[in-house]
Every structure is written in structure tokens, then in C-alpha cells.
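Notes to accompany the following structure.
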């Protein structure tokens, strides 16, 4: 029960933020994270559950590099 | 190392047979959507775990939802996922929609807004989920409390994943590694699995939800559990979703959970009662409590239904005698077929 | 003004409504006779007949309204049979409380779309029922199938190409966004596909079968075609066009673009050798500008109705594409 999507924070006001998912603006509760405009947050059920560090494409490349580079030793 | 190289390794894997559990229903759905099973050698089998909260919710909870929906003055707010799940006698929440007292929500905050607009109706959130979703419920209560709303309730069936994994490790043999639920891990942190990994000598890989993430996790588990490392060497937790999953998890989210909820025993359909695996509203917030404690009654599944074994990863959906006939997505007999992320439903639509 | 029960009485209020709104927008020599039935000239040849009822909330959405939808939907059904749409009959169920200004604008939009599609509205009916301020429309269309044009799923052969006229999910995402309060620029793709079909036939493409990709989405429609053809169909995830906002919308809602409804998209199965010509023809039209060849008809298919459509995924796996089950509810799980 854990569909979540990354989106970019446009504005924050109180515990709420406008988050942009590739052109979809959604009102998101941000009380569980410390998010500022420009941050990418992971949103589940209208609630930001984490501020993301880097994008998925780069992460995937680095995961495979690390798997090769001693992570499994 | 590249995706292609990992896929090559997995499609030619010739080590000892492995059974790898994807714990999370969202992973099950993603695995089928990206066709990952078609990329694995026969020696690597994926089994679905108890990570579809809809599937593990006992029938008495669904019945209580239906009761709320049928009671004048109440309106039940449910995620789309729950609508079709049968309670006792096959009655589903969605079946009450004709009466106009059940509404689908995308976020618990919608229920708060609705409650604020219409004080004459008590809005009951069908609050189902794991750690991923619990902060959203906590924030909804926080908001309702701040606005002084007296007409919002949570009917809870909230569960913690780790105790269920421990139950599986104790009671089910032959699972060689776990693909950990990525978004639960965002909240709990990868440490949640550390004790299980070292204690039972199994690899736990925290994974994101792209096909590449999941392939990377299967590759890592296959290398650790099947590649000769064996024993204590394979008993560790790998975080393959570092963009979202941090050491220690999300401290603010964990604090929110602890502020509003306390752990307690919970019944999992298919597994039974597991101590410390449920979350319940604290006494201080009883005014928001729409029930949840003690909703342990679980109607016996239809004769022959293998949902219990499927949830525990013991039985493949295709091995259930009712799979496909008569149990189908449009006429589900068990929860694993009714839910969009139930193992049977996902298998049926993708195999 | 609001619709009241009197507008459905059959008396003066009914007449004023019908004349004031429908008569004004739909005026043509056949309808203007106001007879009990339209008497039509038949230019011989085979007829295509189709009917469809339209229930949509909200009534007006970005890119269209229920009126435009009711004309395009039936016109497209005729077009998919290889017909040229000619006549339309409309039944309106109005609910008390419906704003007549809104009804007027919806009728105007029907008239515009019908004219563009070459349809003449020759018969109609209005009833009032219920009090929710709603509106439901049924349209029945009649068209002529040109000599020698025979479309049937059963004529699909291995090696035939599967052409999709454009990106998936816009209508479904547009309407669902309005209902769920999500702001975006997604517009319904509601459109009549006559330009695309005309271009395909005009280019001499050997078209085996066509379907408009409406409710149930591409996955369901391909399964229907595959069942009718008794063949397997293979598509590639990489080749299926989906707009970025719709993809993200589906991500938020836990929906799959393969099962999102559309109102201006079609699939054509064309002879394999004609694939390039078909693609060029479709791309030269307004409503096929983003067309793509998404896969092929394959050998086999006698497996009792299962696994008829398979898809090669982005990461190189293979999966089965089934029909849509249930309503395709948004999910967070």
C-alpha cells in the first residue's frame, strides 16, 4: 500500500505545500519533512514522506556501480 | 556493472535454488508491470509477502467499515484500494456506495476538509496501512485537532512490517532473502531489518520501485545468498534506495507516529495474531478514535482458498485450486484476488 | 433559467425548450420538419448504425463537454466500422435544476462538432427525470460504408502492424483531475477521428480492423481485437506514446496508462508492408499527429483466450497485458 511519487515543491505555507508532478499541482501535507521550494519530495497519500537526495536515473547508475565496487564483498 | 550485466547474471543464474520474497504489494505490482519474472533463471523464484495491507486486514474490520457506511450521520472515507475487498459474507465497502455514504479519497486530508465543511456528518477514515501511510493519518489528526473538529474519526487497521517479517522467519522455512518495502523503509530506516538479517543470516535489500531498482535488489540477494557467501556473510541489509531511504529513517515522521499512536497486537489475515505488529490511537486522542482495537475476528476464508498460504509466501497463487475459476478479479473469493496489489490479483492479470 | 419538471411535460415548456435550444442549434431541413420520424434519403450501399449513451462528471471539462463527447463518440464508432458518418439522433435526459444556459452551450458544441464530422442531427427527444441538475445524452448515428470496404478483426494476419493514433490517457486524466481537485494542463483528447481514417484509406493502406480506444483503455481494446482475430498481439512499452503530465498523474493515482480511457484515439491494424505508409498518413492529420506503430500481430493465439496480448517492457522483460477489471479505481497501494 505504498505508491509514492517524487514531485518538486513550488511553495510552502504552514504545513501544506504545492507540489508539481510534471505539470500536476497537488496540495501536499509536509508536516513529516523539512521541505523548501525547489526540493524534490516523495509523496504518498497526499503526504510528503521524505525529501529526496538526487534523482532516480542517477541513483540507478550509482547503485549498479556500487554493487560492482565492493558493496557485496 | 550495468543493468544489462545484472540481467545477464540473473537470466543465467545456476547457483542453488533461491526463493526471494518481495514483501511489499507495490513491489509485486511493479515486478509484474516491468516483466521481471521473465528475466530470471528458473533457479530464482520470487514469492509475494504480506505487504498488501488490504489483503492482511481481517474481515471484521471490513464489516465495521460497512456498518459505518450504513449508519445515518456517518460517512466513510476510503482509499480506492479497499473498495472491493470482501468482508464477511462477501460484502465489500464499495457495495455500500449506492447509499452515498462511502467516498473514495486520495489523501486523509480530504476527509479533514470534508469534515470542516459539514459538521453535521461524522467522517470516518478507513485508516489502513503500514508505516508509509501512518504519518499521513497523524497529520490529519493534527490538523483536525488544530481546527477543533469534533466530527473526524479514524477506524484503524495500521500495521508494522518488521514484526510480520520476524513471524515469517520463525514460521516459514525456505525464504532466502527479502526485497524490503522501499517506502516503509523511508520511514523506519534500513536499521529496522538489521537484527533480522544478522539473526537469521539472510540478505535484506531495500529497493525502490523502478524495474532497475528491483533487478538490482534481486541481483544483490542472489549474489549474497546464492553466490557462495552464505552463512553470516549474507546476513546483512543493503540500502539500494539511498535517494529516499536514510540511516535512521525519517525522524520527524517517526516522532509523529509515536505522538499519536502506540503499538499493540494485531491480527494479520493468513498469519494470525502478532504481538506488537499493530498501531492504535493513544488514549489522549480517543476523541478521534473510530475503533480498531479488538477487530480481530476473521471469517474463515472460502473452503479451498489459499490466501493464507499466499500471504505467507508458502503458496503461489497459481497453485490455489480456485485461482482463475471460480476466484477471479471480478468475483474475488479471497482478499489476495480482490486487491489491486494482492498477489493473486496481480498474477491473474499478468501471467 | 433552470430545468423544471414542466420542461419534460410535452406541453408548451417542452416545446419552448426544444425550439429555443435544440431547434436553433441543430437546424436543418430534415429536423425542421418536426415530424415523428426523420425520413432519410438512402444513397444505397451498406449502412452502419451505432448508439451510445454518455454519462460524464463534470459536464464541461478542459477540451470538451458532454455534448461534444456524445457526437464524437458515436461518429468514431461509425468511423471504426469503415463508415462515413451521415445522420445523428439524440436523446436528452435532463434533471431538474440543470441550467438552461449550460444546456444551450452544450447544444452549440454538439452542433459545431456534428458539422465538422459531416453529421446532420435529424431526430431528437428530451425528457426530464430526477432533480440533481444533471444531463445524460444518448446519440445514435447512421453512416454509409463505401463499396469494397470490409473491416473485421478476423482478417488480421501475423505480421500486420498495430498503429495507435496518439498518446494515451488524456481524457481520463483530465476528468479525474477535475474530480480529485488536481490542477494540471491536461485536456481531454475528445475528437472525431474522421481525418485519420480518411488519411489511411486515402493513402491506400490495407486496413484490417479499427477500434477507438475508449473506456477500458488500450489494454482492453487490444484484447478485444486479439480475441476477434484469434491471434496474439505483441506491443512494446517504449513505443507507446504517453504525455509526461499524464504519466505523472497516473503515478500519483496508481493508475496504468494502458487502462486509461480516451475519447479521440484509435487503433488500426494494417498490413505489415503498409506500416510506414499508414504512419506517414496518420501523422499528416490533426488527430493522428503523434501516431506510432506500437507492435505487431503475431502467430498463435489458440490458448483459450489467455495471454493474447503481451508487452515487451522498458527494461527488456515480457509481460501479459490483460483487460481492465473493475473500474480502475485510483489506488495508493
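Residue numbers (my numbering), protein chains in the order written: chain U, 1 to 73; chain E, 1 to 351; chain L, 1 to 333.
Where is the CB? At the ideal position from N, CA and C, for every residue including glycine.
At a Cβ threshold of 9 Å, is residue i touching chain E?
| i | result |
| --- | --- |
| residue 131 of chain L | no |
| residue 293 of chain L | no |
| residue 124 of chain L | no |
| residue 53 of chain U | yes |
| residue 45 of chain U | yes |
| residue 15 of chain U | yes |
| residue 56 of chain U | yes |
| residue 240 of chain L | no |
| residue 34 of chain U | yes |
| residue 256 of chain L | yes |
| residue 311 of chain L | yes |
| residue 260 of chain L | no |
| residue 233 of chain L | no |
| residue 221 of chain L | no |
| residue 121 of chain L | no |
| residue 38 of chain U | no |
Between which residues of its own chain and residue i is the CB-CB distance below 6 Å, once the five residues before and five after are set aside?
| i | result |
| --- | --- |
| residue 212 of chain L | 76, 80, 266 |
| residue 43 of chain E | 13, 17 |
| residue 316 of chain E | none |
| residue 317 of chain L | none |
| residue 292 of chain L | 164, 239, 241 |
| residue 115 of chain E | 123, 149, 151, 152 |
| residue 350 of chain E | 32 |
| residue 230 of chain E | The predicted position of residue 230 of chain E is uncertain, since its pLDDT is 49 and thus under 50; a value taken from the coordinates is nonetheless stated next. Correct list: empty, nothing qualifies. |
| residue 253 of chain E | 135, 187 |
| residue 94 of chain E | 83, 84 |
I want to see whether chain L comes within less than 9 Å of residue i, judged by CB atoms only; does it?
| i | result |
| --- | --- |
| residue 21 of chain U | yes |
| residue 7 of chain U | yes |
| residue 26 of chain U | yes |
| residue 34 of chain E | yes |
| residue 30 of chain U | no |
| residue 151 of chain E | no |
| residue 348 of chain E | yes |
| residue 253 of chain E | no |
| residue 41 of chain U | no |
| residue 201 of chain E | no |
For residue i and residue j, which I take to be in contact (beta-carbon distance under 8 Å), what is that distance rounded to the nearest angstrom?
| i | j | result |
| --- | --- | --- |
| residue 234 of chain E | residue 206 of chain E | No, residue 234 of chain E and residue 206 of chain E are not in contact; Cβ-Cβ is about 15 Å, not under 8 Å. |
| residue 237 of chain L | residue 314 of chain L | 5 Å |
| residue 269 of chain E | residue 56 of chain E | 5 Å |
| residue 23 of chain U | residue 244 of chain L | 7 Å |
| residue 120 of chain L | residue 87 of chain L | 6 Å |
| residue 263 of chain L | residue 214 of chain L | 6 Å |
| residue 297 of chain L | residue 156 of chain L | 5 Å |
Can you determine whether any heavy atom of the ligand NAP sits closer than 8 Å to the C-beta of residue i, and answer yes or no?
| i | result |
| --- | --- |
| residue 84 of chain L | The ligand NAP is absent from the structure shown, which contains no ligands of any kind. |
Might you give, ordered along the chain, the residues of its own chain that have their beta carbon closer than 8 Å to the beta carbon of residue i, omitting 5 neighbours on each side?
| i | result |
| --- | --- |
| residue 301 of chain L | 226, 229, 230, 231, 232, 308 |
| residue 98 of chain E | Its pLDDT being 45, under 50, residue 98 of chain E is placed unreliably by the model, and the measurement read from it follows with that caveat. Closer than 8 Å at Cβ, skipping near neighbours: no residue. |
| residue 249 of chain L | 169, 173, 176, 177, 182, 184, 186, 255 |
| residue 347 of chain L | Only positions 1 to 333 of chain L appear in the structure, and residue 347 of chain L is not among them; the question remains open. |
Closer than 9 Å, CB to CB, is residue i near chain U or not?
| i | result |
| --- | --- |
| residue 250 of chain E | yes |
| residue 213 of chain E | yes |
| residue 1 of chain E | yes |
| residue 22 of chain E | no |
| residue 178 of chain L | no |
| residue 252 of chain L | yes |
Near residue i, what residues of its chain come up, given a Cβ to Cβ distance below 7 Å and the 5 sequence neighbours on each side ignored?
| i | result |
| --- | --- |
| residue 311 of chain E | 50, 55, 56, 269, 270, 271, 336 |
| residue 190 of chain L | 63, 64, 68, 69, 72, 171, 263, 264 |
inquiry  = Which complete beta strand (DSSP E) runs does the region 139–166 of chain L hold, if anything under 3 residues is left out?
reply    = Listed in chain order, the beta strand (DSSP E) runs fully inside the region 139–166 of chain L are 161–164, counting runs of at least 3 residues.
key: Where the region 314–327 of chain L meets chain E: residues whose CB sits under 8 Å from a CB there   = Within the region 314–327 of chain L, the residues whose Cβ lies closer than 8 Å to some Cβ of chain E are 314, 315, 316, 317, 318, 319, 320, 322, 325, 326, listed in chain order.
ask   = Using a beta-carbon distance cut-off of less than 9 Å, what residues from the region 180–207 of chain L approach chain E?
value = Residues passing the 9 Å Cβ filter: 180, 181, 182.
inquiry  = In chain order, what are the residue ranges of uninterrupted beta strand (DSSP E) at least 3 long that sit wholly in the region 200–245 of chain L?
reply    = Complete beta strand (DSSP E) runs here, min 3: 207–212, 232–236.
Alpha helix (DSSP H) runs contained entirely in the region 282–337 of chain E, provided each spans 4 or more residues = Every alpha helix (DSSP H) of 4 residues or more that sits fully in the region 282–337 of chain E is shown, in chain order, as 307–311.
request  = Please list the segments of the beta strand (DSSP E) lying wholly inside the region 67–109 of chain E, counting only runs of 3 or more residues, in order along the chain.
outcome  = The qualifying runs are 74–79, 102–105.
Length at least 4, wholly inside the region 146–198 of chain E: the alpha helix (DSSP H) runs in chain order = If we require 4 residues or more, the alpha helix (DSSP H) runs fully inside the region 146–198 of chain E come out as 161–171, 182–188.
request  = At 4 residues or longer, and completely inside the region 1–54 of chain E: list those alpha helix (DSSP H) runs for me, N to C.
outcome  = Every alpha helix (DSSP H) stretch that sits fully inside the region 1–54 of chain E and reaches 4 residues is listed by chain position as 3–11, 25–33.
key: Interfacial residues, the region 39–57 of chain L to chain U, with Cβ spacing under 7 Å   = Listed in chain order, the positions of the region 39–57 of chain L with a beta carbon within less than 7 Å of a beta carbon of chain U would be empty, since no residue qualifies.
ask   = Mind pulling the alpha helix (DSSP H) runs of 4 or more residues that sit fully within the region 275–318 of chain L?
value = Unbroken alpha helix (DSSP H) stretches of 4 residues or longer found wholly inside the region 275–318 of chain L: 275–283, given in chain order.
task = May I have a chain-ordered list of the beta strand (DSSP E) segments no shorter than 3 residues that lie completely inside the region 18–50 of chain U?
result = DSSP runs (the beta strand (DSSP E)) wholly in the region 18–50 of chain U: 24–29, 40–44.
ask   = What residues from the region 99–113 of chain E come within 7 Å of chain L, judged by C-beta to C-beta, listed N to C?
value = Cβ contacts with chain L come from 104, 106.
message = Along the region 35–46 of chain E, where does the CB come closer than 8 Å to a CB of chain L? Name the residues.
response = When C-beta distances to chain L are compared with 8 Å, the residues of the region 35–46 of chain E below that value are 35, 36, 37, 38, 39, in chain order.
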